[in-house]
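**Q**
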């Protein structure tokens, strides 16, 4: 007799839901009033929760019942490159990693209904791929600009540029003090996750360039956890260098720097759509300014409290992903699916579908169909 897989408790889903909520096994056990060993046994598939325990898990974790019985397609997830500071805990990273699994379930569901843009990345196999060589990174950024037809123009919206070229970009609530943004190599196309906590359009530009750098340069890294702190730092520096070179192409940027005053860099920010701090550092990289001038500009920024908030940061709107948002709205507008069907069939909590797909909160609140009336023909 065939057993419907979605009527059988799936222990993997319990662990994912727990980690998405940032709960330890002990924390979950204490909350629902069972032993730590019981939760471990549920997650290992050694025992199935009784009905009352299952309801407690659903209510505590806030996931639909269907999620715990889903047998989703297996996802290939390559290395996850976290742009995180040294204080990021293992739990912080586990939370984001498991949110990324939810993103994969959403993408897999939608890809059966929506035709997404084809992945369109340049072939870098013929380039010098020694990323310790700054010239190699500069050449890579130049190749990307040529391949995508950007020339030497400013990139006004890196998020839309990534999406147009087939990279899936998700919005995610991260703890910006710990995990900023991250990317993953996936089967078919890379995923990039940009933190909703960072509300500066200019910093988001750099985040997008940084994550694209990882996508292009570090695909062969299988597990970041096996690398030393020095190796991770080197990769982060390489991704930063790529973002700088992509957003501020060497020759065109150098020509635009006609003064090295702080006021001039504020004016350049409007044109290049990149933070003042990043432009000053790029100027130092390209020997447009020397170390003495670089130090002087840094001190001026500190005195004006521009380290955390620069001029114009609150003027320009944040670049937001649109591909997934448009996909969901299209399904709703054309009555292919209703809100309830989307949530039940994806098996992902409404709050995470709305967050990851950059939908306003409440978009997937179920709306009863309005009654239909017709004129009487005489």
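Residue numbers (the numbering used here): 280 to 657.
Glycine included, every Cβ here is placed at the ideal spot set by N, Cα and C.
(1) Do you know whose CA, among 467, 413, 394, 583, lies nearest residue 513's CA?
(2) Assess, as a yes-or-no matter, whether the stretch 323–343 is touched by the stretch 289–301 under the definition of 3 or more beta carbon pairs within less than 8 Å.
(3) Nearest by alpha-carbon distance to residue 358: which of 606, 621, 493 is it?
(4) Distance, Cα to Cα, residue 510 vs residue 496?
(5) I believe residue 525 touches residue 551 by the beta-carbon criterion, under 8 Å. Please report the beta-carbon distance rounded to the nearest angstrom.
(6) Judging by CA-CA distance, which residue of 647, 329, 603 is the nearest neighbour of residue 387?
(7) May I ask you to verify whether the stretch 367–383 touches the stretch 623–639, counting CB pairs closer than 8 Å and requiring at least 3?
(8) State yes or no: is the C-beta of residue 460 within less than 8 Å of the C-beta of residue 597?
(9) Would you grab the beta carbon distance between residue 498 and residue 464 for me? Rounded to a whole angstrom, and I think it's under 8 Å.
(10) Check the DSSP bridge columns for residue 471 and list the partner residues they point to.
(11) Bridge partners for residue 361 per DSSP, in chain order?
(12) What did DSSP end up calling residue 356 once you bin it into helix, strand or coil?
(13) Could you tell me the alpha carbon to alpha carbon distance between residue 593 and residue 316, rounded to whole angstroms?
(14) For residue 646, which of 627, 624, 614 has the nearest alpha-carbon?
(15) How many Å lie between residue 294 and residue 322 at the Cα?
(16) Could you check the C-alpha separation between residue 448 and residue 583 for me, to the nearest Å?
(17) Quick check: what's the CA-CA separation for residue 350 versus residue 286?
(18) Can you look up residue 551 in the DSSP assignment and give me helix, strand or coil?
(19) Given that a residue counts as buried once 16 or more other Cβ atoms are within 10 Å of its Cβ, and exposed if not, what is residue 296?
(20) Which of the three DSSP states, helix, strand or coil, is assigned to residue 397?
(21) Around the Cβ of residue 328, are there at least 16 other Cβ atoms within 10 angstroms (buried) or fewer (exposed)?
(22) Classify residue 382 as helix, strand or coil using the three-state DSSP reduction.
(23) Can you give the Cα-Cα distance for residue 648 and residue 628, rounded to whole angstroms?
(24) Could you say if the stretch 562–570 and the stretch 435–453 meet the contact criterion of at least three C-beta pairs nearer than 8 Å?
(25) When the distance is taken between beta carbons, is residue 347 closer than 8 Å to residue 395?
**A** Result, derived from the coordinates:
(1) That would be 413, whose Cα lies nearest to the Cα of residue 513.
(2) yes
(3) Nearest neighbour of residue 358 by Cα position, chosen from 606, 621, 493, turns out to be 493.
(4) 14 Å
(5) So it is not a contact: roughly 11 Å between Cβ atoms.
(6) 603
(7) yes
(8) No, these two residues do not count as a Cβ contact at 8 Å.
(9) 5 Å
(10) 448, 462
(11) Beta-bridge partners of residue 361 (DSSP): 461.
(12) strand
(13) If I take the Cα positions, the gap works out to 50 Å.
(14) 614
(15) 6 Å
(16) 34 Å
(17) A straight-line Cα-Cα distance of about 10 Å links residue 350 and residue 286.
(18) helix
(19) buried
(20) coil
(21) buried
(22) Helix, per DSSP.
(23) 22 Å
(24) no
(25) no
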